[in-house]
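Visitor: So for the sequence shown, the working numbering puts the first residue at 7; every next one is plus one.
Ideal Cβ positions, reconstructed from N, Cα and C, are used throughout, including at glycine.
Structure provided below as structure tokens; questions to follow.
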Amino acid sequence: MLAVPDMAAPSAGLRQRGPGRAGAPDAAPGAAPAASPEPPEAGLAAAAPPLSPGTFWLTRIVLLRSIAFLYFVAFLVAFHQNKQLIGEKGLLPCKLYLQEVKKYFKGKVGLDALSYAPTLIWFLDWSAMDSTLDCLALAGLAVAAFVLLTGCANMVLMSLLWLLYLSLVNVGQIWYSFGWESQLLETGFLGIFLCPLWSLSRLPQGSPPSRIVIWSFRWLIFRIMLGAGLIKIRGDRCWRELTCMDYHYETQPVPNPISYFMHRSPWWFHRLETLVNHFIELLVPFFLLLGRRMAILHGLLQILFQVLLIISGNLSFLNWLTMVPSLACFDDASLGLLLGSRLRERAARLQRPGTRGQSPSLGSCVRRVLNISLGLLITYLSIPVVLNLLSSRQVMNTSFNSLRIVNTYGAFGSITKERTEVILQGTSSLDPNDPTAVWEEFEFKCKPGDLRRRPCLISPYHYRLDWLMWFAAFQVDPGGTLQVQVQPARGEARPRWEVVDPEKDRPLLPPCQPAGPQEVL
């Protein structure tokens, strides 16, 4: 690089010029002195210095708030629906379930029972189960709201959120059997190790996010997407023939208003969609191994893909949740422009080498030990998961441990080609076989039913019963409306009720306590 003499620093004589503007002629004799130069603007002086790549101070804030948002939604769903599903008069009371587990383990609540169904409810009052379930959900809502609004969390708060939701999932039975329940628990478990031990500061000095935790999030999104891609290629042949999207929007569990227009797209668009799906799920995950820029591209593609899925259907909070580990692909330098200048300035100060020379605190040492332990634990628990990915008999949405820390994932390995709906009708007639009995249809909150009703738009909220009725439709023969009658369940010592298919005389829904249809549905 050549030095240009004209650009050299001014001489001492030039520095002794009058107070006029630089480059202006000398003031004439007797003229008033020129005004002194104005100080630089405050905004320029306070401008945050550029952030260096490779640190994740801001990434931690975004991750924690995202996890808290998903916890908030999940606990809100639990608060609204638990009493009807697993409460004292619910379809599958969790009290009866825990009693059966206790009976299986010889009437003791020991390590065997705790390991089979780890939940705080073992140690709480069972006489008012509805209140107990509400208290767990409300406590989770309160903690999640605090983390979401402030961006502040520590290991204690994140552990509490994880333990509260684990307690609900492990007594939720079939109502909590969806793959995203385990995915939220695994994501929330990793979120525990993002935080300092005690401090509630958003940018706690001396507690940088561990690369072990960041790569654990990346390993999670890698498994989610690759598992979803492999289960499709190994499953329904329509994924290999590029025709699955011809049916998906119509036959998905709970379509939304946009699903109709997506379904009416031309055939070439559906083929392109399927190809893009295979590219995102089977090839893009390997971008994580190709350096920082490709990892950022991976994060952008995955988030865009999930946004498109959110627009096209009501898939609960699954797609919202899948975006969370993708955020770990972005470091402070890539997220800086999206956050406020004060946060960027504080993060830049923490990046300076001078802040790293301090002696580590006890909490930092504990975190370091815990992070290394986390890496070893994730590695060990990933062995059966990797073997499952490599297996031609791959299973999806399976947990290999009751804590649901490392799981297998996948979605829509097979696509139904026709939509079948279970239509529930009830009658107040004393004799349901009376030809004059009037049968009325029960409408669900969001499940397709009345053709004159517009599809709902509820994502990320989740109606659990509506989703399971989609699965129930696979168990009945298509061909119109199925009339059912409510009768006392056989072999029960106290009155419980079940919905029975009168033609086949078998239960269609699990037995439940007496409750009005509006309360249950």
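(1) Between the beta-carbon of Ala84 and the beta-carbon of Val153, is there less than 8 Å?
(2) Just to confirm before moving on: does the CB-CB distance between Ser165 and Leu126 stay below 8 Å?
(3) In angstroms with no decimal places, state the Cα-to-Cα distance between Pro454 and Met475.
(4) Kindly give me the distance between the Cβ atoms of Ile227 and Asn377, rounded to whole angstroms, as I take these residues to be in contact under 8 Å.
(5) Within 10 angstroms of its Cβ, does Cys462 collect 16 or more other Cβ (buried), or is it exposed?
(6) Spatial neighbours of Leu236 within its chain, please: C-beta separation below 7 Å, excluding the five flanking residues on both sides.
(7) On the DSSP bridge list, what partners appear for Gly432?
(8) In the DSSP output, what is Thr404 paired with across the bridge?
(9) Mind checking Cys201: buried by the 16 CB within 10 Å criterion, or exposed?
(10) Between the Cα of Cys452 and the Cα atoms of Leu139, Leu327, Asn320, Phe184, which residue gives the shortest distance?
(11) Hey, Thr422 and Tyr253: beta-carbon distance below 8 Å or not?
(12) Of all the options Ile286, Ser408, Val428, which has the alpha carbon lying nearest to the alpha carbon of Val305?
(13) Val177: which of Trp274, Tyr103, Ile309, Ser265 sits nearest, CA to CA?
(14) Please state whether the Cβ-Cβ distance between Leu57 and Asp338 is less than 8 Å.
(15) Determine the contact status of Gly381 and Gly233, defining contact as a CB-CB distance below 8 Å.
(16) Sort Leu64, Gly60, Pro59 by Cα distance to Ser347 and report the nearest one.
(17) Between the C-alpha atoms of Gly60 and Leu203, what's the straight-line distance to the nearest angstrom?
(18) Looking only at its chain, what residues have a beta carbon closer than 7 Å to the beta carbon of Asp456, apart from the 5 residues adjacent to it on each side?
(19) Are there 16 or more other CB atoms within 10 angstroms of the CB of Trp273, so buried, or fewer, so exposed?
(20) Can you tell which of Leu190, Ala301, Phe62, Leu163 has the C-alpha that lies nearest to the C-alpha of Asn325?
(21) When DSSP labels each residue in this structure, what does Ser173 get in the three-state scheme?
(22) State buried or exposed for Leu139, treating a residue as buried only when at least 16 other CB atoms are found within 10 Å of its CB.
(23) Report the rounded CA-to-CA distance for Ser216 versus Ser367, giving the unit in angstroms.
(24) Applying the criterion that 16 or more other CB atoms from any shown protein chain within 10 Å of the CB defines a buried residue, is Asp437 buried or exposed?
(25) Does DSSP classify Gln258 as helix, strand or coil?
(26) Contact check, Ile119 vs Phe111 under 8 Å by CB: the rounded distance?
(27) Which runs of the alpha helix (DSSP H) spanning at least 4 residues fall entirely within the stretch 95–137, listed in chain order?
(28) Suppose the cutoff is 7 Å on Cβ atoms and the five residues either side in sequence are ignored; what does the same chain contact list for Asp472 look like?
(29) Nearest-angstrom Cα distance between Arg299 and Arg425?
(30) Using the C-alpha atoms, what's the distance from Asn403 back to Phe184?
(31) Excluding the 5 residues preceding and the 5 following Ile220 in the sequence, name in chain order all residues of the same chain whose CB lies nearer than 6 Å to its CB.
(32) In terms of residues, what are the limits of the alpha helix (DSSP H) holding Phe228?
(33) Could you tell me the distance, in whole angstroms, from the CA atom of Pro390 to the CA atom of His468?
Guide: By the coordinates alone:
(1) no
(2) no
(3) 10 Å
(4) Ile227 to Asn377, Cβ: 19 Å. No contact.
(5) buried
(6) Leu395, Gln400
(7) Glu446
(8) Thr414
(9) buried
(10) Asn320
(11) yes
(12) According to the sequence as given, residue 305 is Gly; it is not Val. Gly305 has its Cα closest to that of Ile286, out of Ile286, Ser408, Val428.
(13) Tyr103
(14) yes
(15) no
(16) Leu64
(17) 23 Å
(18) Glu449
(19) exposed
(20) Leu190
(21) helix
(22) buried
(23) 16 Å
(24) exposed
(25) coil
(26) Note that residue 119 corresponds to Ala in the displayed sequence, not to Ile. Right, the Cβ-Cβ distance comes to about 5 Å (below 8 Å), so this counts as a contact.
(27) 100–110, 117–122
(28) Val260, Phe450, Lys451, Cys452, Lys453
(29) 43 Å
(30) 8 Å
(31) Phe62, Ala334
(32) 217–240
(33) 30 Å
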